[in-house]
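J.: Going by our numbering, the first residue of the sequence shown is number 1068, and it counts up by one from there.
From the three backbone atoms N, C-alpha and C, an ideal C-beta is built for every residue, glycine too.
What you are looking at is a predicted structure, and each value in this text was computed from that prediction instead of being measured.
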Amino acid sequence: MARISPLIILPPAIFAALAGLFAAGMLRDNPDELPSALIGQAAPLTETGTLPGRTPFDPAVLADGEVKLVNFWASWCAPCRVEHPNFEALAEDGLPIYGINYKDDAANANAFLEELGDPYVAIGTDDGRVARDWGVYGVPETFVVDGEGRIVERMAGPVTQRAIRDRLTPALERAAAN
1068 MARISPLIIL PPAIFAALAG LFAAGMLRDN PDELPSALIG QAAPLTETGT LPGRTPFDPA
1128 VLADGEVKLV NFWASWCAPC RVEHPNFEAL AEDGLPIYGI NYKDDAANAN AFLEELGDPY
1188 VAIGTDDGRV ARDWGVYGVP ETFVVDGEGR IVERMAGPVT QRAIRDRLTP ALERAAAN
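1) Cα separation between residue 1159 and residue 1196?
2) Less than 6 Å between C-beta atoms, sequence neighbours within five positions excluded: which residues of the same chain meet that for residue 1075?
3) Residues in the same chain with beta-carbon distance under 7 Å from residue 1184, minus the five sequence neighbours each way, listed in chain order, please.
4) Of the residues 1212, 1224, 1227, 1202, which one's Cα is nearest the Cα of residue 1238?
5) Let me check understanding here. Comparing Cα to Cα, which of 1079, 1129, 1202 lies closest to residue 1163?
6) Across which residues does DSSP place residue 1136 in a beta bridge pair?
7) Does the Cβ of residue 1098 have 16 or more other Cβ atoms within 10 Å, making it buried, or fewer, making it exposed?
8) Mind checking residue 1089: buried by the 16 CB within 10 Å criterion, or exposed?
9) Helix, strand or coil for residue 1220? Go by DSSP, reduced to three states.
10) Note down the Cα distance separating residue 1208 from residue 1215, rounded to an integer number of angstroms.
11) Which same chain residues, not among the five before or five after residue 1203, have their C-beta less than 7 Å away from its C-beta?
12) Quick one: is residue 1236 buried, meaning 16 or more other Cβ sit within 10 Å of its Cβ, or exposed?
13) From residue 1107 to residue 1175, what does the alpha carbon distance come to, in whole angstroms?
14) Once you ignore the five residues that flank residue 1146 on each side, which residues in its own chain have a CB closer than 7 Å to its CB?
15) Among 1229, 1217, 1232, which has the Cα closest to the Cα of residue 1132?
16) Spatial neighbours of residue 1120 within its chain, please: C-beta separation below 8 Å, excluding the five flanking residues on both sides.
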């Protein structure tokens, strides 16, 4: 009797595993959204650099009892320019927003804020280490943080009016309820 090599089962098993992973990815609530392992976890307390002339970001403020946003942005980022007026309006409505300026030149970052306004309570700078700890894929990315310093929502891409209505407002409500 001829023996069948166990290696013959390997290609179909690999194919089945990959097909299962692809199907799971396609059947998520929003297949376009990148998942975040930090939802429900404490926000990373990685120290940031400072942007000259701006109030420095102290990570300890993340657990100060207030719901807030943490926005990763850069002056060279076109979608950051698109979302900026929305942050100005949210800040005027009293929502604390903390900025993390990502891989940017300080003079360019300050010029961006001088031109478009500064909606941030405080700003830190990042050479990439802080973004890595937060799981940021690219700018802009915005996080809703509850009063205890836990991440409630992650929004990749620009915060548009539609995103405010459909995702940000419900996330702020969830954060306030915690």
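T.: In short, the structure shows the following:
1) Spanning the two alpha carbons is a distance of roughly 30 Å.
2) Around residue 1075: no qualifying Cβ.
3) Within the same chain, residue 1184 has close Cβ partners 1155.
4) Nearest C-alpha to residue 1238: 1212.
5) That would be 1129, whose Cα lies nearest to the Cα of residue 1163.
6) DSSP lists 1164, 1211 as partners of residue 1136.
7) Note that residue 1098 has pLDDT 48, beneath the 50 cutoff, so the model's placement of it is unreliable and the number below is only indicative. Here residue 1098 is exposed, its C-beta having fewer than 16 other C-beta atoms within 10 Å.
8) So residue 1089 counts as exposed.
9) Strand, per DSSP.
10) Taking the straight line joining both Cα atoms gives about 20 Å.
11) 1139, listed in sequence order.
12) Exposed: under 16 other Cβ atoms inside 10 Å.
13) Spanning the alpha carbons of residue 1107 and residue 1175 requires a straight line of approximately 34 Å.
14) Cβ neighbours of residue 1146 beyond the five flanking positions: 1207, 1224, 1225.
15) Taking only the C-alpha atoms, the option nearest residue 1132 is 1217.
16) Scanning its chain for C-beta atoms nearer than 8 Å, with the 5 sequence neighbours on each side dropped, one finds around residue 1120 the residues 1177, in chain order.
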